[in-house]
Amino acid sequence: MQAQSLRGISKSFLAVSVTIIALAAMAGGFGVLAKHAFLLKLHPYIFFVGFGNLAILLFNRYLTAAIYPELRIDPARQRLFIAAVLVALVMVTVAVAADLPLLKAVAGFMLIVVVLFPLYEIFTTLSVAEIWNEVSVRYYIFDVIFLLVANLGLCTLGLKEAFPSNGIIPFFVTQSAYFLGSSFPLSISVMGFLYTYAWRRTEKMELAKKLFSLWFYIFVGGVLFFLVVILMGNYLSMMLISHLLMFGVIALLVTFAVFLRNWFRSNFAHPALAFMLGGLAFLLATSGFGIMNIFYGQGIHFGSYPPIRGDKMWIYHSHTHSALLGWITLSFIGMIYIVLPAIQKTGNLDLLQTGDPLEQLLDVHTMNRAFLSLAIILIAGVVIIVSFFTGEQIALGIGGLVYATAALYLLRNLKHDPVFESEE
Numbered sequence: 006m007q008a009q010s011l012r013g014i015s016k017s018f019l020a021v022s023v024t025i026i027a028l029a030a031m032a033g034g035f036g037v038l039a040k041h042a043f044l045l046k047l048h049p050y051i052f053f054v055g056f057g058n059l060a061i062l063l064f065n066r067y068l069t070a071a072i073y074p075e076l077r078i079d080p081a082r083q084r085l086f087i088a089a090v091l092v093a094l095v096m097v098t099v100a101v102a103a104d105l106p107l108l109k110a111v112a113g114f115m116l117i118v119v120v121l122f123p124l125y126e127i128f129t130t131l132s133v134a135e136i137w138n139e140v141s142v143r144y145y146i147f148d149v150i151f152l153l154v155a156n157l158g159l160c161t162l163g164l165k166e167a168f169p170s171n172g173i174i175p176f177f178v179t180q181s182a183y184f185l186g187s188s189f190p191l192s193i194s195v196m197g198f199l200y201t202y203a204w205r206r207t208e209k210m211e212l213a214k215k216l217f218s219l220w221f222y223i224f225v226g227g228v229l230f231f232l233v234v235i236l237m238g239n240y241l242s243m244m245l246i247s248h249l250l251m252f253g254v255i256a257l258l259v260t261f262a263v264f265l266r267n268w269f270r271s272n273f274a275h276p277a278l279a280f281m282l283g284g285l286a287f288l289l290a291t292s293g294f295g296i297m298n299i300f301y302g303q304g305i306h307f308g309s310y311p312p313i314r315g316d317k318m319w320i321y322h323s324h325t326h327s328a329l330l331g332w333i334t335l336s337f338i339g340m341i342y343i344v345l346p347a348i349q350k351t352g353n354l355d356l357l358q359t360g361d362p363l364e365q366l367l368d369v370h371t372m373n374r375a376f377l378s379l380a381i382i383l384i385a386g387v388v389i390i391v392s393f394f395t396g397e398q399i400a401l402g403i404g405g406l407v408y409a410t411a412a413l414y415l416l417r418n419l420k421h422d423p424v425f426e427s428e429e
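Following the numbering used here, the numbering of the sequence shown begins with 6 at its first residue and continues without gaps.
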């Protein structure tokens, strides 16, 4: 029953999370084509409230429990998490549509309560020494902490919009700050996954452990310090930190490309690894646009709108969409193509714990279709980024719709694979 339940809840996560990604991209695409302000305002909330929470509450838990089995997975609780996130998503949608910011605050508060459950379980089950001993777990647990902060941001944003003259909520609580904060747990989760299922399995495991331990402090610490210097408006510090992070991203991209080359040479063309390489390429683009955003945003007070010179807003949009549509979404699709087939194969976390989840679990046709969808997503993503620069609204809208369709195809592709068609 436990095995069947784990298969079932992971399938539910797949269906709901991929649908949310597609809805967010579709809302953005239709919003551009129809010049619909509501859809344009809503689509990032769909992504972060929906997928952002589900990815950490459910998927991230599979990764953590694969290292520490005592953090058992309760399928019934995970179903409640899915229901709570969907309710919060409906509440935020109504709040944006009817201009009811207090409803947004209530949704944020409910998600805070939800995230406290796994946090409490983690820190009452694992000691600090156990957490710090496993590099991956450091990443995975900081994900949950950052998600808590992000949901706190959603709650306070709703309160600030409801009571704009209260003077209590800080000036830096804005929509942009909430979206930025919500992207951090997703990024950190991918970093931990890359270490666990790529570098950690190389011949130089000890070196990889030291480097990723160092990268944890640089990335997580750099992000936190970056937020501080943004609030301080210290231009030089922002530039130094952003360049340091970009050099780290370049190192990740190059070494992962080498790993991928060696893997494909001696194994098989795994679409998940190609998705993650594409994600890292978009992360490099995100870093580059971020540095440009700092350069052209110099002197503009954080929390102002627009956050950059009006004629350079394409840089800001390119930065955010390179992160969301490229780095985060592509990376998580790659992770899904590894983790969920491993769960469906055995009905438990054995392949993630002691086996090899990178083995060929999927049908050849499924993998070929995955590469095709990756090509379409990459083209659509590039069209979207270029359209921000050129101002071509029709291409931008169509790019969003094509991206949504290709992302939704992931659901059909996996659910029709033999490993997913096992009986519950």
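Even glycine gets a Cβ: it sits at the ideal position worked out from N, Cα and C.
Treat the numbers as computed from the prediction; the structure is a model and nothing was measured.
Within a Cβ cutoff of 8 Å, which residues of the same chain sit near Tyr301, ignoring the five residues on either side of it in sequence? Ile313, Arg314, Lys317, Ile320
Using only alpha-carbon positions, find the residue among Tyr414, His421, Val344, Ala409 that is nearest to Leu11. Val344
Near Ala102, which residues of its chain fall below 7 Å by C-beta distance, leaving aside the five closest residues on each side in sequence? Phe43
With three or more C-beta pairs closer than 8 Å as the rule, is the stretch 45-63 touching the stretch 14-23? yes
What residue range is occupied by the uninterrupted alpha helix (DSSP H) comprising Thr179? Per DSSP, Thr179 belongs to no alpha helix (DSSP H) and is neither H nor E.
My output table needs one value for Met6: the three-state DSSP class, helix, strand or coil. In this prediction, Met6 has a pLDDT of 38, which is less than 50 and means its spatial position is unreliable; what the coordinates show is noted afterwards. Residue state, collapsed to three classes: coil.
Assign Pro362 to buried or exposed, taking buried as 16 or more other Cβ atoms, counted over all protein chains shown, within 10 Å of its Cβ. buried
Using alpha carbons as the reference points, say which of Asn138, Ile235, Leu285, Asn272 lies closest to Val254. Leu285
Backbone secondary structure at Thr359 - three-state DSSP: coil
Quick one: grab the DSSP three-state call for Pro312. coil
Rounded to whole angstroms, what is the Cα-Cα separation between Leu236 and Phe177? 7 Å
Ala89 and Met115 - do their beta-carbons sit closer together than 8 Å? yes
What's the call for Glu166, buried or exposed, on a 16-neighbour Cβ count within 10 Å? buried
Here's the rule I'm using: 16 or more other beta-carbon atoms within 10 Å means buried, otherwise exposed. How should Asp148 be labelled? buried
Answer yes or no: do Pro106 and Ala100 have a C-beta to C-beta separation smaller than 8 Å? yes
Please classify Lys214: does DSSP put it in a helix, a strand, or coil? helix
So, do the stretch 377-391 and the stretch 399-409 have three or more beta carbon pairs nearer to each other than 8 Å? yes
Is it a yes or a no for the stretch 278-294 touching the stretch 333-343, going by three-plus beta-carbon pairs under 8 Å? yes
Comparing C-alpha positions only, which one of Val154, Ile174, Leu212, Leu216 sits nearest to Phe189? Val154
Counted within 10 angstroms of its Cβ, other Cβ atoms place Glu4 as buried (16 or more) or exposed: Because the chain in this structure spans residues 6 to 429, residue 4 falls outside the shown range and cannot be described.
Hey, which unbroken runs of the alpha helix (DSSP H) at 4 residues or more fall wholly within the stretch 49-118? 65-72, 80-103
Taking 8 Å as the CB-CB limit, is His41 close to chain D? Considering every chain present, this structure includes no chain D. It has just one protein chain.
Would you grab the beta carbon distance between Phe261 and Leu199 for me? Rounded to a whole angstrom, and I think it's under 8 Å. 7 Å
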